[in-house]
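Participant: Sharing a structure, written as structure tokens. Questions coming.
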Amino acid sequence: MRTEQPTTFVDAHCHLDLYRDPTAIIAEIERERVHTVAVTNAPSVFFHTQNLARGTTYVHPAIGLHPELVHSHGKELPKLLEGVSTANFVGEVGLDYQTQDVATRKQQREVFAAVLARCAALSGKFITVHSRRSASDVLAAIGTGYPCPVVLHWFSGSKKELRQAIASSLYFSVNPAMVRSKSGLALVREMPPERVLTETDGPFVEVAGKPATPGRVAEVLTALASLWKEAPEDVARRVSHTFAALATNL
Ligand code: MN
Numbered sequence: 153m154r155t156e157q158p159t160t161f162v163d164a165h166c167h168l169d170l171y172r173d174p175t176a177i178i179a180e181i182e183r184e185r186v187h188t189v190a191v192t193n194a195p196s197v198f199f200h201t202q203n204l205a206r207g208t209t210y211v212h213p214a215i216g217l218h219p220e221l222v223h224s225h226g227k228e229l230p231k232l233l234e235g236v237s238t239a240n241f242v243g244e245v246g247l248d249y250q251t252q253d254v255a256t257r258k259q260q261r262e263v264f265a266a267v268l269a270r271c272a273a274l275s276g277k278f279i280t281v282h283s284r285r286s287a288s289d290v291l292a293a294i295g296t297g298y299p300c301p302v303v304l305h306w307f308s309g310s311k312k313e314l315r316q317a318i319a320s321s322l323y324f325s326v327n328p329a330m331v332r333s334k335s336g337l338a339l340v341r342e343m344p345p346e347r348v349l350t351e352t353d354g355p356f357v358e359v360a361g362k363p364a365t366p367g368r369v370a371e372v373l374t375a376l377a378s379l380w381k382e383a384p385e386d387v388a389r390r391v392s393h394t395f396a397a398l399a400t401n402l
């Protein structure tokens, strides 16, 4: 008799701690077997997600300092660098140039450079990166030959920046909002399938007017399957395989 491993899924970027009822979301994650990278926006709240993840199989807490919080929470950088030594997953980190403030952007670059350097020194960290309006500086900070897997979450740069990211061996996580938008889909179409993971960025991304929960990566799998002319199960299998290769110590 052939025994098959049950299919697993991947939500490579989800704000578990920001749902109204994280416990209900965890029940869904475990029931539907969705490997979920539970990102956090500041080191001071990481312990909360660590507690939520305790005893679960599929919740992977990530320590981060969201670029939009660097201005107000920059003093937590030492805590972030210290926390990175024990966490296998890092995020949400990166740059966000919605702000026009030159000093804030500079502070974001300093924090991002520091966390990248720390992860490189430790190696084996899975890093999920935000790059809104800042893709070229994000790519410059990471450079080529960076030693840890970097996943660009909700990538929205130019095609040229996308090609540069591909040449730098980076990965992408694709969410329901991306596959629903024309510009998002145009970028996804150029991503090599073996570099693509799925995400929800829940609860910020909504599906049918409700915050997307990790199980909603199904919608992304369906879109990728039609784009790549493959069965959704085959796409799910490839995404899980890619994730397992990047995320050590699962
Ligand atoms: Mn996010």
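Add 152 to a position in the sequence shown, counting from 1, and you land on the number used in this note's numbering. Note that the Cβ used here is the ideal one computed from N, Cα and C, for glycine as well. Small disclaimer: the values here were computed from a predicted structure and weren't measured.
Residue ranges of each beta strand (DSSP E) run of no fewer than 3 residues wholly in the segment 255-335, ordered along the chain?
Facilitator: The qualifying runs are 278-282, 302-305, 323-326.
Participant: Nearest by alpha-carbon distance to A266: which of L170, L304, K227, L398 is it?
Facilitator: Of L170, L304, K227, L398, the residue nearest in Cα terms is K227.
Participant: Do V263 and L229 have their beta-carbon atoms positioned less than 8 Å apart in this structure?
Facilitator: Against a cut-off of 8 Å, the Cβ pair of V263 and L229 comes out as a contact.
Participant: Quick one: residues in its chain with C-beta nearer than 8 Å to the C-beta of D169, no 5 flanking neighbours on either side, listed in chain order?
Facilitator: For D169, where only same-chain residues beyond five positions count, the Cβ hits under 8 Å are A190, T192, V197, H200, T201, L204.
Participant: Under 8 Å between the Cβ atoms of D225 and L217?
Facilitator: One point to set straight first is that residue 225 is His, not Asp, in the sequence displayed. Yes, they are a contact pair.
Participant: Once the 5 residues before and after A127 are set aside, which same chain residues still bring their CB inside 8 Å of it?
Facilitator: In the structure as shown, the chain begins at 153 and stops at 402. Residue 127 is therefore absent and cannot be evaluated.
Participant: Under the three-state reduction of DSSP, which class applies to L217: helix, strand or coil?
Facilitator: Residue state, collapsed to three classes: coil.
Participant: Quick one: give me the first and last residue of the alpha helix (DSSP H) that G235 is part of.
Facilitator: Taken as a continuous stretch (DSSP letters only), the alpha helix (DSSP H) holding G235 covers 229-236.
Participant: Hey, A269 and A239: beta-carbon distance below 8 Å or not?
Facilitator: In this structure, A239 does not lie closer than 8 Å to A269 by Cβ.
Participant: Using 7 Å as the cut-off, classify the Cβ of F264 as near or not near the heavy atoms of the ligand MN, replying yes or no.
Facilitator: The answer is no for F264.
Participant: Do D163 and V369 come within 8 Å of each other at the CB atom, strictly closer than that value?
Facilitator: Cβ atoms of V369 and D163: closer than 8 Å.
Participant: Can you tell me the Cα-Cα spacing of P219 and H212, whole angstroms?
Facilitator: Looking at the two C-alpha atoms, the distance is approximately 21 Å.
Participant: Taking a contact to mean a Cβ-Cβ separation below 8 Å, would you say V236 touches L274 in this structure?
Facilitator: Yes, the Cβ-Cβ distance between V236 and L274 is below 8 Å.
Participant: What does a CB cutoff of less than 8 Å around T256 pick up in its chain, not counting 5 residues either side in sequence?
Facilitator: Within the same chain, T256 has close Cβ partners V222, H223.
Participant: Taking only heavy atoms of the ligand MN into account, decide whether any of them is closer than 7 Å to the Cβ of H223.
Facilitator: Answer for H223: no, Cβ out of range of the ligand MN.
Participant: Would DSSP call D169 helix, strand or coil?
Facilitator: Looking at D169 - three-state DSSP - the assignment turns out to be helix.
Participant: Using a Cβ-based criterion (distance less than 7 Å to any ligand heavy atom), does V191 qualify as near the ligand MN?
Facilitator: Yes - the ligand MN has a heavy atom lying nearer than 7 Å to the Cβ of V191.
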